[in-house]
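Undergrad: In the numbering used here, the protein residues as written are 28 to 274. Even for Gly, the Cβ is constructed at its ideal location relative to N, Cα and C. A quick note: this is a predicted structure, and the numbers were derived from the prediction, not measured. Below: one structure in structure tokens.
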Amino acid sequence: MEIAYSIALFLAAFIPGLIIIKLQKPLKFDLKYLLVFAGAFIFSITIVHLLPEIFTATTNPQRIGLFILVGFFMQIFLDFITTGVEHGHLHNPSHHHSGFSPVMLMIGLCIHSLMDGSILIHTGGDGAGEHGTGLLIGIILHKIPAAIALMSVLNLNFKNKKALLLLLIIFSLASPFGLIFSDLMNKYSVISQEGFLIIFAIVSGNFLHISTTIYFESSPDHTFHKKKIFISLLGAMLAVIVEVLHH
């Protein structure tokens, strides 16, 4: 299962990123509704699957709640490093961030991707188990616009296709590496079941921040958008259906 998940995670980032490299320009397609759908899906999976499973498995719910908060505010710091690329922000070529660093962007995104992958392991025992298809779909939906945004931004800084391809491969491998590394840590009992629950709590906090940020930033004018509401409900309902079928 880990191999299949790893391949899916790699391709979810690599294929969209490769398309951007081939185009050699930022994608003009509006990612807003894809982001809204992905955000609603991830938020729903976190609420109906991750959080109940983590709180049920832990012996210390208050500590788990604390680490969910840690994950939430940790993502704010990562957003500062990545300028929001992990939730699909496409910046104008004329828009330059003070002190923008492609290296820091890659570091921030790879840390986030490593954590995405780590949450997909099967811990067995009394801990949180394999989080399954629903969470995998959510992460894939999240990685597609992230890869598009990343390579669109890097296209403005690197004209060498080989350099872009190398950076894309590194980013695409981060989540599979997080999954495989965490699986090894579990198999050799390097991290306890409670330790994995803490990791899952931190990632859940990340997901809560990313999904809510996507949702609220898609309507900066705070007006009612029927299409956004419909797509949000569709994403949420699909997450619940996948979760019900999985069980």
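Could you give the residue range of the alpha helix (DSSP H) that holds residue 220?
TA: Its alpha helix (DSSP H) spans residues 220 to 244.
Undergrad: Less than 7 angstroms separating the beta-carbons of residue 258 and residue 63?
TA: yes
Undergrad: Where does the unbroken alpha helix (DSSP H) through residue 259 begin, and where does it stop?
TA: Per DSSP, residue 259 belongs to the alpha helix (DSSP H) from 253 to 273.
Undergrad: Between 216, 94, 129, 61, which has its C-alpha nearest residue 109's C-alpha?
TA: Among 216, 94, 129, 61, the Cα nearest to that of residue 109 belongs to 129.
Undergrad: Look up residue 28 in the DSSP assignment and say whether it is helix, strand or coil.
TA: In this structure, residue 28 counts as coil in the three-state DSSP scheme.
Undergrad: By DSSP, does residue 352 sit in helix, in strand, or in coil?
TA: No answer is possible for residue 352: it lies beyond the span of the chain, which begins at 28 and ends at 274.
Undergrad: Indicate the three-state DSSP secondary structure (helix, strand or coil) for residue 123 in the structure shown.
TA: Its pLDDT being 46, under 50, residue 123 is placed unreliably by the model, and the measurement read from it follows with that caveat. Residue 123 falls in the coil class under three-state DSSP.
Undergrad: Going straight from the alpha carbon of residue 223 to that of residue 188, what length do you get?
TA: Taking the straight line from one Cα to the other gives about 38 angstroms.
Undergrad: On a Cα-Cα basis, can you pick out the residue from 168, 208, 191 that is closest to residue 179?
TA: Nearest option by C-alpha distance: 191.
Undergrad: Can a CB atom of chain C be found closer than 7 angstroms to the CB of residue 258?
TA: Going by chain labels, chain C is absent from the structure shown, which holds only one protein chain.
Undergrad: Run through DSSP, which three-state label would residue 186 get?
TA: coil
Undergrad: Verify whether the separation of the beta carbon atoms of residue 168 and residue 68 is less than 7 angstroms.
TA: yes
Undergrad: Please tell me whether residue 80 and residue 206 are closer than 7 angstroms, where the distance is taken between their beta carbons.
TA: 7 angstroms or more divides the Cβ of residue 80 from the Cβ of residue 206.
Undergrad: State the Cα-Cα distance for the pair residue 261 and residue 72, rounded to the nearest angstrom.
TA: Using only the alpha carbons, I get a separation of about 13 angstroms.
Undergrad: With residue 177 and residue 44 assumed to form a contact (beta carbons below 8 angstroms), what rounded beta-carbon distance in angstroms separates them?
TA: 7 angstroms
Undergrad: Work out the CA separation of residue 254 and residue 219 for me, nearest whole Å.
TA: 45 angstroms
Undergrad: Is the distance from the Cβ of residue 58 to the Cβ of residue 172 below 7 angstroms?
TA: yes
Undergrad: Determine the direct distance from the alpha carbon of residue 243 to that of residue 235, and round the result to whole angstroms.
TA: C-alpha separation (whole angstroms): 12 angstroms.
Undergrad: Give the C-beta separation of residue 84 and residue 161 to the nearest angstrom, bearing in mind that I take them to be a contact with Cβ-Cβ under 8 angstroms.
TA: Incorrect: roughly 17 angstroms between the Cβ atoms, too far for contact.
Undergrad: Identify whether residue 215 lies in helix, strand or coil by the three-state DSSP scheme.
TA: coil
Undergrad: Using C-beta distances below 8 angstroms, list every residue in its chain close to residue 145, excluding the 5 sequence neighbours before and after it, in chain order.
TA: 205, 206, 208, 209, 226, 230
Undergrad: Beta-carbon within less than 6 angstroms of residue 141's beta-carbon, same chain only, minus the 5 sequence neighbours each way: which residues are those?
TA: 201, 205
Undergrad: According to the Cβ coordinates, are residue 95 and residue 228 closer than 7 angstroms?
TA: yes
Undergrad: Under 7 angstroms Cβ to Cβ from residue 273, same chain only, skipping five residues before and after it: list those, please.
TA: 159, 160, 161
Undergrad: Considering only the alpha carbon of each residue, which of 76, 170, 40 lies closest to residue 270?
TA: 76
Undergrad: Going by CA-CA distance only, name the one from 221, 103, 38, 256 that's closest to residue 90.
TA: If we check each option's Cα against that of residue 90, 221 comes out closest.
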